[in-house]
Every structure is written in C-alpha cells, then in structure tokens.
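Engineer: Count along the sequence shown from 1, then add 1066; that gives the number in my numbering. After the structure tokens below, expect a handful of questions from me.
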Amino acid sequence: MRDGPDRGFAIAPIGAAVACALAFALTLALPAAAQERRGGAEPTVTVQGSGKHEAKPSFAVLTVEVATPGDTLDKATSAHEARAGRAAEALRALAADGVTVERSDFRLARDGVRPKQNQPGYRAVTSFALALKPVDRVDALVGRIAATGLFEIGPLGYRADDSKAALDEARRKAIADAHAKAEVFAAAADMRLVGIVAITEGGEAGLRRAELASAPSMQIVPPATLTFDASATVTWRIGPR
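Written as structure tokens, this is what we have:
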C-alpha cells in the first residue's frame, strides 16, 4: 500500500523538470530562428589589394662554376682539386675589388656515355655563390672573373640590402589598396565598413622576377630599381550607414 503513493510522488518532479528543460531549449532556439529569418550571419565584403614598392639595388648576386671531366670518379676528382684551388685563389684576389664568396658547394655528376667510349664519364663541379658590389662595377667584375678561363658564368641577379623593409612597404600598400576598394563596394551598397574579419596574404610576395637580369655575353647594365610585389585578401564586416 505504501509503494503506490511513493511512485506517484516521484513522477511529478521528473515531469516538471522535463517541461522546464523544453521551455529553456525553446527560449535558446527562438533567437537563432529569428536570426535565420533576418538573413543569417552578418554581411561581409571580401576584396583583394595589391601593392608594390621600388628600391635601388645594393649588390649583384652571381653563381659561377668550375667543372672538371674525367673517365672515372677518381680521375675527375684528382684533376679537379687543382683547378678548384686556382679558382678559389682567383676569387680571393678579387675580394678587395668587391667580390665576396658567400657559399661554395662541391658535387660529382655523371656525364652519360661518351661518343667514343663505352663507359660513362664524370664531372667534378665546385660552384661559388658570389656577391658583387658596387653595382656600377658589376660589368667589370664579371669580365675579370670570366677572363680567368676557369669559370662557367651562371645567371646574374640583383638584391637590395634591406629587402624586408621594401617588402613590408609593399604589403602596407596592398592593405591600403584593399581598404580603398572595400570602401567603394560598401558605399555602392549603402553600407559602411565595420571591422576586419580576416587577412590572407595572396600569392608569393617578394622581389619581382622580371627585375632579375641574366648574365649577358656583352655589357651588363644594372637596373635602376628593383620592384617588390605583395597582395592581400581582406574580409570586412559591413553594416548599415
């Protein structure tokens, strides 16, 4: 007889708790549903800006190689040792005139089967990464390097001492360009910019490759300026005016 009333008394609070939970869930859902009816998330505008900055070249960069062939690895390496030593000495002699060896690398490569032999040949190669300055003397310096008869002359390029500062300035201009475009779009829609949601750097920012010169066979004329490019994609929240 006591069990019946106890069970009935326990069910009542559970039912009330469920009812309260459902009411609370509906309270939370109503604003979300109302927001969906109003059009969902806040409106945004996304634009891409670009910027460039020019800087004077501070020095030239050049890669030169000394290569020695041989029928075997040992022959190529032995013959190459003396030639590479003379090449390094020739570059050291030009240090006072503005030639700096920034890095050197050695490698052995197969030449493939030679026409008159039934075995592959080999090449021992030492490459030197050089910095040449000042830029108005690059033509003369490359001529002196070539005159040694030891080097194969590779591509020639130009760099600025403070390339990071130049690139950062190009990035600032890219953001300013994106902001100007976003203002136009927002005004055309009778809206205003509220705040930035995201910024993504686009493409590969850096020194424009078109400004890099190749090592020519005649007179070298350095560029007056180097161009640094940057781009950015920016998303703004927009709201009514």
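Glycine included, each C-beta is placed from N, C-alpha and C at the ideal position.
My guess is that Ile1304 and Pro1109 are in contact by the Cβ rule of under 8 Å, so how many angstroms apart are they, rounded?
Structural biologist: Within the sequence shown, numbered from 1, the residue matching residue 1304 stands at position 238. Within the sequence shown, numbered from 1, the residue matching residue 1109 stands at position 43. That pair is a contact at about 5 Å.
Engineer: Decide if Ala1095 is buried, meaning its Cβ has at least 16 other Cβ atoms within 10 Å, or exposed.
Structural biologist: Residue numbering aside, residue 1095 sits at position 29 when the sequence shown is read from its first letter. For Ala1095, the pLDDT reaches just 37, beneath the cut-off of 50, and the residue's location in the model is therefore unreliable, although a value from the coordinates is still provided. Classification of Ala1095: exposed, given that the 10 Å Cβ count is below 16.
Engineer: Using only CA atoms, which one of Val1201, Leu1207 and Ala1240 lies nearest to Lys1122?
Structural biologist: Against the sequence shown, residue 1122 aligns to sequence position 56. If we check each option's Cα against that of Lys1122, Val1201 comes out closest.
Engineer: Sort out for me which residues DSSP pairs Ala1156 with in a bridge.
Structural biologist: Counting from one through the sequence shown, the residue named residue 1156 turns up at place 90. Looking at the DSSP assignment, Ala1156 forms no beta bridge with any residue, so it has no partner.
Engineer: Enumerate in chain order the residues of its own chain whose CB-to-CB distance from Asp1227 is below 7 Å, with the five nearest sequence positions on each side excluded.
Structural biologist: Working through the sequence shown from its first residue, we reach residue 1227 at position 161. So the qualifying residues of the chain are Ser1124.
Engineer: To the nearest angstrom, report how far apart Gly1187 and Ile1211 are at their CA atoms.
Structural biologist: Here the question's residue 1187 lines up with position 121 in the sequence shown. Here the question's residue 1211 lines up with position 145 in the sequence shown. Their Cα atoms are separated by approximately 27 Å.
Engineer: Any idea what DSSP makes of Arg1169, helix, strand or coil?
Structural biologist: Taking the sequence shown and counting its residues from 1, the one referred to as residue 1169 is at position 103. Three-state DSSP puts Arg1169 in a strand.
Engineer: Just verifying my parser: in three-state terms, what is the DSSP assignment at Glu1131?
Structural biologist: Working through the sequence shown from its first residue, we reach residue 1131 at position 65. In the structure shown, Glu1131 sits in a strand (DSSP, three-state: E or B).
Engineer: Once you ignore the five residues that flank Ala1308 on each side, which residues in its own chain have a CB closer than 6 Å to its CB?
Structural biologist: With the chain covering only 1067 through 1307, there is no way to say anything about residue 1308.
Engineer: Closest by CA to Asp1171, which one among Glu1235, Val1191 and Val1287?
Structural biologist: For the purposes of this step, residue 1171 is taken as the residue at position 105 of the sequence shown. Nearest of Glu1235, Val1191 and Val1287 to Asp1171, Cα basis: Val1191.
Engineer: Tell me which same chain residues have a C-beta within less than 6 Å of the C-beta of Lys1239, skipping the five on either side of it?
Structural biologist: For this step, residue 1239 is matched to residue 173 along the sequence shown. Closer than 6 Å at the Cβ level, and outside the excluded window around Lys1239, lie Gly1117.
Engineer: Which residues does DSSP list as the beta-bridge partners of Gly1261?
Structural biologist: Indexing the sequence shown from 1 puts residue 1261 at position 195. Its beta-bridge partners are Arg1303.
Engineer: Using the rule of at least 16 other Cβ atoms within 10 Å of the residue's Cβ for burial, across every protein chain shown, is Thr1134 buried or exposed?
Structural biologist: By 1-based counting over the sequence shown, the position of residue 1134 is 68. Burial call: buried.
Engineer: Consult DSSP for Gly1115 and reduce its assignment to one of helix, strand or coil.
Structural biologist: The residue given as residue 1115 occupies position 49 in the sequence shown. Gly1115 falls in the strand class under three-state DSSP.
Engineer: Could you spell out where the alpha helix (DSSP H) holding Gly1209 opens and where it closes?
Structural biologist: Here residue 1209 refers to the residue found at position 143 of the sequence shown. Start and end: Val1204 to Ala1213.
Engineer: Candidates Gly1164, Ser1229, Glu1249 and Pro1289: which alpha carbon is nearest Leu1259's?
Structural biologist: Working through the sequence shown from its first residue, we reach residue 1259 at position 193. Out of Gly1164, Ser1229, Glu1249 and Pro1289, Glu1249 has the C-alpha closest to the C-alpha of Leu1259.
Engineer: Could you give the distance in angstroms between the alpha-carbon of Thr1129 and the alpha-carbon of Ser1297?
Structural biologist: Reading the sequence shown from its first residue, position 63 is the one you call residue 1129. Reading the sequence shown from its first residue, position 231 is the one you call residue 1297. When rounded, the distance between both Cα atoms is 30 Å.
Engineer: Just curious, the beta strand (DSSP E) that Ile1219 is in, first and last residue?
Structural biologist: The count along the sequence shown starts at 1 and reaches residue 1219 at position 153. That run of the beta strand (DSSP E) goes Glu1218 to Arg1225.
Engineer: Among Arg1203, Ala1197 and Arg1176, which residue has its Cα nearest to the Cα of Ala1142?
Structural biologist: On the sequence shown, residue 1142 is found 76 positions in, with the first residue counted as 1. The shortest Cα separation from Ala1142 among Arg1203, Ala1197 and Arg1176 belongs to Arg1176.
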